[in-house]
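The next block holds one structure in the form of structure tokens; read it before the comments.
In the working numbering, the protein residues as written are -18 to 169.
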């Protein structure tokens, strides 16, 4: 009976996560509750790293940042934090213990590039586009065991698109993954 109760609680949390992610996705898709402003991305990345530290410790994964994030973009801070948090949390969840997740920034004249790199399970090239679809899972068994709603990367893509950016993934099975986001810089 105790196991059944624990499973009900777990599934309730999972369903609540799905509902919250669907609400977030619909707000992003329809432009609701968007607060556009000039955003210093260095602060966004620092906040994402701070929010992800507990998860990294639990999974015995190290987070490291390098490069340059000191660029302004015009956008919604909450959405950008959500998008990069999703990328970093996925990198943590799908990495083996004692691995490194890197977040690398590169400021160029017209844009800011941020790459989230893990040493995890990797993603077969045939799945690279499909992983951004709602509820798509590369492997249902591994996805179920790591948690998540199947909406995270769909949210990331919508946020990046709504900010005039682009996202791509480079990965092969068993070789980790690199998610690269390019956002246009806000110019004076």
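Cβ atoms here follow ideal geometry from the backbone N, Cα and C, with glycine treated the same way. Predicted model only: the values in this text are computed from it and were never measured.
| Item | Value |
| --- | --- |
| Whole-angstrom Cβ separation of residue 167 and residue 55, contact assumed at under 8 Å? | 5 Å |
| Here's a check: name, in chain order, each residue in its chain whose Cβ is nearer than 7 Å to the Cβ of residue 81, leaving out the five neighbours to either side. | 43, 45, 100 |
| To the nearest whole angstrom, what separates the beta carbons of residue 138 and residue 113, a pair I think is in contact under 8 Å? | 4 Å |
| With the cut-off set at 9 Å, would you say residue 22 and residue 70 are in Cβ contact? | no |
| Residue 19 bridges to which residues according to DSSP? | 55 |
| Compare the C-alpha of residue 105 against each of 62, 87, 26, 155 and name the closest. | 155 |
| For the alpha helix (DSSP H) containing residue 143, list its first residue and its last residue. | 133 to 143 |
| Would you report the Cα separation of residue 92 and residue -11, rounded to the nearest angstrom? | 46 Å |
| Under a three-way DSSP split, which group does residue 160 fall into? | strand |
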